[in-house]
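Only one structure is covered here, and it is reproduced in the block below.
Number of protein chains: 2
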Amino acid sequence: MTDLPADDTAAPTRVTLAFEPAAKSVRVPTGVSVFDAASWNGIAIDSTCGGHGTCKKCGIRVLDGTIPVSRLDVRALGEERVRDGWRLACLATASGDLRIEVPPLTTRPKAATVGVGRQVILRPAVQKRYIELEEPTLTDQRTDVVRVLDAVDDLELRVEPRVLATLGRELRAAQWKVTVVVVDEDLIGIEAGDTTSTAHGIAIDLGTTTVVATLMDITTGTPVAVRSMLNKQQPFGADVISRISATMLDPEALPRLQSLAHETLAELAAEVCEEGGVDPAVVYEVTLAGNATMVQLVLGIDPEPLGVAPFIMASASYCGLRATDLGLHLHPSARAAVLPALGAYVGGDIIAGALASGMDRDKRLRLFIDVGTNCEIVVGDGERIMATAAPAGPAFEAASIRNGMRAAPGAIETVVITDDGIECGVIGEVAPVGLCGSGLVDAVAELVRVGLIDASGRFLTPELIVDARPDLAARFTEVDGERRFELATASESGGDPVVLTQRDVRELQFAKAAISTGWRLLLEEFGAKESDVQQVLLAGSFGTYLSARSAIRIGLVPALPVLRIVSAGNVAGEGAKMVLLSLPERHGANALLEEIEYMELSDRTDFNDRFVDELAFPPS
Amino acid sequence: MTDLPADDTAAPTRVTLAFEPAAKSVRVPTGVSVFDAASWNGIAIDSTCGGHGTCKKCGIRVLDGTIPVSRLDVRALGEERVRDGWRLACLATASGDLRIEVPPLTTRPKAATVGVGRQVILRPAVQKRYIELEEPTLTDQRTDVVRVLDAVDDLELRVEPRVLATLGRELRAAQWKVTVVVVDEDLIGIEAGDTTSTAHGIAIDLGTTTVVATLMDITTGTPVAVRSMLNKQQPFGADVISRISATMLDPEALPRLQSLAHETLAELAAEVCEEGGVDPAVVYEVTLAGNATMVQLVLGIDPEPLGVAPFIMASASYCGLRATDLGLHLHPSARAAVLPALGAYVGGDIIAGALASGMDRDKRLRLFIDVGTNCEIVVGDGERIMATAAPAGPAFEAASIRNGMRAAPGAIETVVITDDGIECGVIGEVAPVGLCGSGLVDAVAELVRVGLIDASGRFLTPELIVDARPDLAARFTEVDGERRFELATASESGGDPVVLTQRDVRELQFAKAAISTGWRLLLEEFGAKESDVQQVLLAGSFGTYLSARSAIRIGLVPALPVLRIVSAGNVAGEGAKMVLLSLPERHGANALLEEIEYMELSDRTDFNDRFVDELAFPPS
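Quick note, the sequences are listed as chains A and B, same order. For the first sequence, the residue numbers in my numbering are -17 to 602. For the second sequence, the residue numbers in my numbering are -17 to 602.
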């Protein structure tokens, strides 16, 4: 993970990175490394060292824009190349928009860099072996399957009837020269000739709101294509509780939710295979990270016990899954691995995130916060690791905010109030039509910062506003007895104004109070103070795009120097990639279940008092 | 196994045993014990000692007919009961028709007697455990599956997603008092309350011609119902080679053959469940014995390599099978176990038969002969065990014999020639319409015995016949240049005469020559002489019903005292029962694959010479 630019007073912002020759543009928070931005978006850059500038493989070239020369660029790349615009992608961050050339992969790597600077040894569950067999004779009547297994006898393999059904014909058609395809301890197929250079998997982040699939080349550890899509279960409600409730009210809801999840995954898989030009039949494994509810729903497992105290999962982990159990039709015997879950509200997505951000091994005291309706918090220092879940409520869901919307074109995603007025960053450079989660946090943080919202969360009285900021006073209006602030006036939006209401502020206060109560209690249990925290990782589809400064301002995260608050990206998806590429990491994910101490908040008698204390915004 | 009656000159015959209160009649060869006859036909009699008269549990009562008092009856049952008609079923054999009372089972046995006097410890793969669980709380948030597994923690169990799907709801509906159903290492389901006294399995003998299913109560080791049916694959040919050929000519044939096998098994399973009054949902496991071709076809595995040299199986054994893989819809996660095969022509049916007849442990030198189109032969003496397969050809198939038919009503099954003429036993006591396998062997054996067929297999000339047996001369006719013997004249049959043709005799000669060449070569390899053999077990749907005397007469079996030639019954089905009831026996079946030395006949250069030598009938 790279540091944010040192300019602590710079406005929170996003940059656009255009990658060549892929002709792909992505928009990421300032401070994300070029390597991560590329990797998260399915663009492969060589790397084996974990982003420490030592493998020298991740060189990229700046075509337009500026990347400061990092401390290792000259040593790794040489002066001349640095002059020509070459930089190490793992250390490169942008303060402005960039156009970047990514050279083709040159080597077959033995490791890949994924997650938050995690170097992962390429040792996937999927293995291929090319073998040339002796033909059977009357004096060598070994069965077809034994003949194959004898040739790979360092592995103890099982073979299912489906493979046996065509094994004889395939071996003979291929004249006994075949590649065996193995996942874990299962021989899932044979292919004519030597196909060892082709093997793919799909890593899935199955979110309640958004689902992301990354097609990976598992021979090189590099992403081939990535696509995201709204979870088709959305009509059953925005959060997990509404989906669980649906299954309790209607016996048809569970099979329907399962098939909607299957449809979502199947469409995404088809899209990434199409985009990557990869035959689905050479996708041998799928890994999936999701919260406990999403996982139970996609597997058709009754989620009711997750939704009512004492919040019980059917199982923490699932063995022997097939891709077809997820509704995916890839290689006919493709396997599926689901990240294990710690509890009903600290699911496989969080285990994936903790894995991808190295929460179990980094020696610094770090706090991992996945911001959402259910907020998961992990603290670790390389010695000990603890987790909890805080019920943040719906503030980050569009539905509970007057002009709330998802982070889609037209959404105000950044808000800055300067002496000259208000500046809103809008996704897609179109007229603003609503407000997404990061925009909400920015708007409230800025109004608090300039004193137009007081510490208790109230808008100042109109009189005080006119005194303090006459230039903004006209934006404060009152409709149906509720006060509101026009982030975009009717003339700015070209339609209805985009407003922040007093009630919106309250919703955000509830969310931030729940979250900060969560990490405060967790730090206390851990025996650490707020100021001891050396890094806060903001994760999840909301967390990743929050402005660190605004998060500090409203007290959502510890009051630390802004550089210590970093965006972790889609760590759930990164964790899914890691376990796809590396069995040691898969074992690590399982080990996390043993290592993480879980603190249940719902039976803490002090939670409500602490929550009320946390409703106020921190003093400036 | 009991001995045949001592009267060595008695005509070969069958007896009918009627069992009460089951009101079930069966027809068996003389010499089969009452216990075996009952067991083979789905009637449960207590027994735990393996038929040695020591457990004293298998008492039955003769209602009509006579069973001689055996050496142990008085000791086991007491004089008074013996006077009242009680006998030990394991030692009881009938020389005439019987009506027998079978008392209800009194104890829950720990062992069962199946196969050829094999005592089997009841330790099935299926286990049930009744457990009462603590309800979860906020301080005990173990997952549902861990809560269950912790209660049976002496077992290392896997749980599939299907079980997890409803586990939570079922546990709560049953108020945490449930019975877990385990097969091998898989927890396949839970049931509300204590259901440990109910558990069933189905043992299947999947023959090329006939398929037999026995529904077993695996808590007691006793049969509940048995049904047999023609294999619905019959339209694709009577023998394995014609079915393999079909798959080579038409790509649609394999799926069709598979679904016909599935239909056969599904119908049989439905019938035995119906007859036994057992809900298919409490049938947890199916075991199946079949030859390699039948097994590959039912699993949808391309059989072509079985049909052409060097005769290669896809696999010797199959792991992880479900009942659904066999087309059976029983308990939704019911498992299936298929007896392993030694080779393409010594299949799981023979392994089952060798297991059921104790070929690996009996200290006597014994020969096991499964008579059929492909004849499998096993020799063992408790130290060493060898097997071979002899291509007997189609003599035992109805199609290749002029008036051949299956052993169904109207078939001549026994033939005796006396000084007074010819006596044919006809199945079903109807007018004769054809000749089944045992009738063919009897007819030829008797004609050889009385000298109307010479050692070379030729009918005597008409002149010599008139001299020898003027009473039978009119039965020898000639049609279209082929000589034939009328077993039943037109007036006796009430239609066309039922004949044995010269060509039929030749067909049988080919078959018997192949078989006797097989066991002669096998005995030579084994280092034994024909006269060393202490027992010959005749198995298979043909072998079981062959007359020992006739088999000796034509040289099909070694020239031994007739008492040493015994009918082994449906040993394939018995082996399937054994592995259903007992994991140690299942391991024994797998061990047989290692223990049996296989002798391939098709690459023996001396086979053809020996075969020609064996065509002649033995001198009288």
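Ideal Cβ positions, reconstructed from N, Cα and C, are used throughout, including at glycine. As the structure is a computational prediction, the values presented were derived from the model and not from experiment.
Closer than 9 angstroms at the beta carbon, the chain A residues around residue i
| i | result |
| --- | --- |
| B:I283 | P143, L146, A147, T148, L149 and G150 |
| B:L140 | Residue 140 of chain B is actually Arg in this sequence, not Leu. The contacting residues are C301 and G302. |
| B:E286 | G150, R151 and R154 |
Contact belief for residue i with residue j at Cβ below 8 angstroms, rounded distance in angstroms
| i | j | result |
| --- | --- | --- |
| A:L279 | A:A243 | 6 angstroms |
| B:L429 | B:F378 | About 18 angstroms separates the two Cβ atoms, so there is no contact after all. |
| B:A156 | B:Y266 | With a Cβ gap of about 18 angstroms, B:A156 and B:Y266 do not count as contacting. |
| A:L349 | A:V515 | 5 angstroms |
| A:T196 | A:G555 | 6 angstroms |
| A:F129 | A:P118 | In the sequence on display, residue 129 of chain A carries Arg and not Phe. Confirmed, about 7 angstroms. |
| B:L321 | B:A571 | 6 angstroms |
| A:I283 | B:L169 | No, A:I283 and B:L169 are not in contact; Cβ-Cβ is about 15 angstroms, not under 8 angstroms. |
Cut-off 6 angstroms between Cβ atoms - residues of its own chain near residue i, not counting five sequence neighbours on either side
| i | result |
| --- | --- |
| B:P(-6) | Legend: pLDDT at B:P(-6) = 43, less than 50; position of this residue unreliable, no value from coordinates given. |
| B:T(-9) | Bear in mind that the predicted position of B:T(-9) carries a pLDDT of just 42, short of 50, making it unreliable; the figure below should be weighed with that in mind. None. |
| A:S241 | none |
| B:F603 | The requested residue 603 of chain B is not part of the displayed model; chain B covers only -17 to 602. |
| A:D331 | A271, G272, N273 and A554 |
Neighbour list for residue i in chain B, Cβ cutoff strictly below 8 angstroms
| i | result |
| --- | --- |
| A:G325 | Q123 |
Beta-carbon neighbours of residue i, restricted to chain A and to distances below 7 angstroms
| i | result |
| --- | --- |
| B:A296 | T125, D126, V127, L146, L149 and G150 |
Proximal residues of chain B, C-beta to C-beta of residue i below 7 angstroms
| i | result |
| --- | --- |
| A:L303 | P143 |
| A:E365 | The premise fails here: A:E365 is roughly 24 angstroms from chain B at the closest Cβ pair, so nothing lies under 7 angstroms. |
Burial state of residue i (16 or more Cβ within 10 Å)
| i | result |
| --- | --- |
| B:P3 | exposed |
| B:K110 | buried |
| A:E173 | buried |
| A:L324 | buried |
| A:L212 | exposed |
| A:A(-12) | Note that A:A(-12) has pLDDT 39, beneath the 50 cutoff, so the model's placement of it is unreliable and no number is given. |
| B:S7 | exposed |
| A:L120 | exposed |
| A:A93 | buried |
| B:H313 | buried |
| B:N385 | buried |
| A:R140 | exposed |
| B:I374 | Correcting the residue type first, residue 374 of chain B is Ala in the shown sequence and not Ile. With 16 or more other Cβ atoms within 10 Å, it is buried. |
Proximal residues to residue i (C-beta, below 7 angstroms), its chain only, five neighbours per side dropped
| i | result |
| --- | --- |
| B:M560 | V96, G97, R100, V102, L337, A338 and E567 |
8 angstroms Cβ cut-off: residues of chain A touching residue i
| i | result |
| --- | --- |
| B:A291 | L120 |
| B:D307 | P143 |
| B:E234 | Going along chain A, no residue has its Cβ under 8 angstroms from B:E234, so there is no contact; the nearest lies around 15 angstroms. |
| B:D585 | L120 and T121 |
Interface partners of residue i on chain B, CB under 9 angstroms
| i | result |
| --- | --- |
| A:Y266 | Here the premise fails: no neighbours, minimum Cβ distance about 19 angstroms. |
| A:E582 | L120, T121 and Q123 |
Own chain, CB closer than 8 angstroms to residue i, minus 5 neighbours either side, in chain order
| i | result |
| --- | --- |
| A:M368 | V360, V361, G362, L504, E507, F508, I578, E579, Y580 and M581 |
| B:P444 | A455 and F458 |
| B:G476 | A413 |
| A:M387 | A380, A393, V415, G416, L417 and C418 |
| A:D261 | C255 |
| A:A389 | E395, I409, C418, G419, S420, S523 and Y527 |
Short CB-CB distance (under 8 angstroms) between residue i and chain C
| i | result |
| --- | --- |
| A:I351 | This model lacks chain C altogether; the protein chains it does include are A and B. |
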